[in-house]
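Everything below concerns the one structure shown next.
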Amino acid sequence: MSKGLLIVLSGPSGVGKGTVCTALRKKMPNLIYSVSATTRQPRMGEEEGVNYFYKSREQFLDMIEHNQLLEYAEYVGNYYGTPRDFVEQTINEGKDIILEIEVQGALQVKKSFPQGVFIFLLPPSLDELKDRIKGRGTENETIIDHRMSVAEEEINMIEYYDYAVVNDEIEHACRRIDAIITAEHCKISKE
Ligand code: 5GP
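Take 0 as the starting number for the sequence shown in numbering that gives the first Met the number 0 and just add one per residue.
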């Protein structure tokens, strides 16, 4: 049995990764989602084990120490990381898994899984990005500014990715991601 694809989806805060993933879930029900661990507080409406596994700093450091994370990064004052076992188990079962993670983490995954599929989601423009972060209404002005400067740095890392998808409309972005995954399945292995 061939292994499943490990798909990494990155993109700046506010670009709509969460919304695109929700839409992809409906469109591609066989795609599995990796649930990350984080030390950030849950936002309104988020659920333990669905959006994230919420951890204390001590618990997170313990996971790092016991090599339980495939990758991790500190992002705007909090830790985020991907539990390793679930990802490895899923691809070994021949199922595709998608990791919605930021750039530093994606680069770590690329080292251990160079055969992964790395997709970068872009906003139509930086102005539009700022409007989207503000519109979410969950962050204060200082955090918005911090997220915007991180966003610009992240966009500069696009060269490390295999594909760029502009999130102009959710449906269009999903269709492109679906097409990328289909193409990757048709690819002739060079190994
Ligand atoms: P948010 O706080 O908006 O949920 O997430 C902040 C950033 O952390 C987003 O860019 C998101 O993709 C990223 N992120 C979420 N989970 C992980 C993870 O497990 N590892 C890494 N490296 N980044 C993550």
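Just so it is clear, CB atoms sit at the ideal spot from N, CA and C, and this is done for glycine as well.
Here the structure is a predicted model, which is why all the values come from computation and not from measurement.
Through-space distance from residue j to residue i, alpha-carbon basis
| i | j | result |
| --- | --- | --- |
| G10 | T81 | 16 Å |
| E99 | G15 | 11 Å |
| C185 | R174 | 17 Å |
| S94 | L121 | The amino acid occupying residue 94 in the given sequence is Lys; Ser does not appear at that position. K94 and L121: Cα-Cα distance of roughly 26 Å. |
| T137 | R42 | 8 Å |
| L30 | N139 | 34 Å |
| D144 | S188 | 43 Å |
| E152 | T89 | 31 Å |
| I132 | M0 | 42 Å |
| V108 | T38 | 20 Å |
| S55 | D84 | 20 Å |
| S111 | E87 | 11 Å |
| I179 | L8 | 12 Å |
| Y160 | E47 | 30 Å |
| A163 | A22 | 18 Å |
Classification of residue i by the beta-carbon crowding that lies within 10 angstroms, buried from 16 upward
| i | result |
| --- | --- |
| R146 | buried |
| E101 | buried |
| G13 | buried |
| N166 | buried |
| I104 | According to the sequence provided, residue 104 is Gly. The question's Ile does not apply to it. Classification of G104: buried, given that the 10 Å Cβ count is 16 or more. |
| A182 | exposed |
| V49 | exposed |
Which residues DSSP lists as bridging residue i, in chain order
| i | result |
| --- | --- |
| V165 | L121 |
| A36 | F52 and G80 |
| V116 | I6 |
| L68 | P82 |
| I97 | I6 and Y32 |
| E47 | Y51 |
- Continuous alpha helix (DSSP H) assignments of at least 4 residues falling wholly in the stretch 128-158: 140-154
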